[in-house]
Each structure stands twice: as structure tokens, then as C-alpha cells.
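S.K.: Pasting a structure here, questions to come.
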Amino acid sequence: MSQRDYYEVLGVDRSASPEALKKAYRRLAMKYHPDRNPDDADAQEHFKVAKQAYEVLKDEQKRAAYDRYGHAGVNGQGGGFGGGAGQAGFGDINDIFGDIFGDIFGGQRRRGAGQARSNRGHDLRYTLELDLEDAVHGVTREIRVPGIGKCSTCSGSGSTSGKQKVCSTCGGAGQVRMQQGIFSVQQTCPTCGGSGREISDP
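Each position in the sequence shown, counted from 1, maps to that position plus 19 in our numbering.
Below is the structure:
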């Protein structure tokens, strides 16, 4: 079954501002909210689709992916939203491919000589209860989220002195070629983990 264009769902132009998107969504949410239409399956479907559209278009990264790739650019991680629309994270299209190649090549993907893509951090979920009025009209809540900061000693480099040298195993390439019988296989350098740099004073 084909999916409707999200801009068409909200009744806005593709150049609509965030404020215009919010205004359009609130109007539809008030009109089709299940609490106002308890026995109207059609209204509930309208509300669901409007919510899906707004969840994508209100986020800059999701909107950019949708503008470029259409529904295929945002449905991969959202799983079509289902009942928990908006709770699943999206990330851009590069993150999707990055996760795939990261698994294949030892958790990091090459960007160039001496550079590696860091592993994606863990997803965080926070449960926050809102009443219907706040959910419809919008509200700001402040929450505390635990995080990991840079080490004050090495500033995140892993080296006490802050200096690193070119990896002696891969010569800074981050990849090494291993001979396995008649096959030659390229894999992440076991010494530097693909960074191309070696730390002498951790």
C-alpha cells in the first residue's frame, strides 16, 4: 500500500517552516485525536498518519532524509512507526550504512588515511508522562541525561601527553592485508583498531 506524501498529509508546502509544521499538526491533532473521536476508525487513522508525518518533518535530519529519499529514507529504522510512533530513533542515511559496515570491518568505518568512524553510542529512552493538553499544544520539560565526557588528562586522545605516532603495523592506513591460503583479505589493523595511530603513553 502506497504512503501519502507527508507534506500533503499536513497540508503544507515543502518549504514550510518548523512553526508552520507545528501549527498544521496541532490543527489536525485537535480535529482527529482519538479522545475526541473514540468510535471513529477513520479519524484515528488520520491522527496516526498526521503524527507520523510530523515526527519526521519536525526533525531536521529526518526531514532531510525524507526530502532526498522519500519514505524509504525514514522507514528503515522507524519500522513504519507502529503503535509507538516517534519513539524509535532514525539517524541519517549515512548512519544506517555506517552501522552495517562497522559490523563487517571491526566496529569502525574508514573515512580516509588515519581516520576512523567511532562506534555509535547506546540509545537512551526516557519515559515522561504528559496530559492531553500539553501533548496537543506542546510543552517544554527539562530532564537530566547521563553522559560521558572527555578525559581531563588526555582530552579524549588516549595519550597522556596528547601525542600519537603513526601505527607501526599498518603505516597509518588503518587496514592490513592478511594472506589466507590463496586469498588475500583486508581487515582492520589489530594494533590501532583502524585509527592509523598508535599511543605510546596511554
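Even glycine gets a Cβ: it sits at the ideal position worked out from N, Cα and C. All values derive from a computational prediction rather than experimental measurement.
Using a 10 Å radius around the Cβ and a threshold of 16 neighbouring Cβ atoms, would you call Q22 buried or exposed?
M.R.: Around the Cβ of Q22, a 10 Å sphere holds fewer than 16 other Cβ atoms; the residue is exposed.
S.K.: According to DSSP, is R196 helix, strand or coil?
M.R.: strand
S.K.: For V164, count neighbouring Cβ atoms within 10 angstroms of its own Cβ and tell me buried if that reaches 16, exposed if not.
M.R.: exposed
S.K.: Taking R46 as the reference, which of L149, Y85, A84, K70 has the closest Cα?
M.R.: K70
S.K.: Compute the distance between the beta-carbons of R196 and S203, then report whether it is under 7 Å.
M.R.: yes
S.K.: In angstroms with no decimal places, state the Cα-to-Cα distance between Y88 and S34.
M.R.: 16 Å
S.K.: Rounding to the nearest angstrom, what Cα-Cα distance links K182 and A84 in this structure?
M.R.: Taking C-alpha positions only, K182 is separated from A84 by approximately 38 Å.
S.K.: Check this for me: beta carbons of F66 and Y44, under 7 Å apart or not?
M.R.: No; because the gap between Cβ atoms is not below 7 Å, this pair is not in contact.
S.K.: Alpha carbon to alpha carbon, how far is C208 from S219? Give it in angstroms, no decimals.
M.R.: Their backbone Cα atoms lie some 16 Å apart in a straight line.
S.K.: Considering only residues of the same chain and omitting the five flanking positions on each side of V75, which have a CB-CB separation below 7 Å?
M.R.: Spatial neighbours of V75 in its own chain (CB-CB distance under 7 Å, excluding positions within 5 residues in sequence) are listed in chain order as Y25, K81, R82, Y85, V93.
S.K.: Run through DSSP, which three-state label would E79 get?
M.R.: helix
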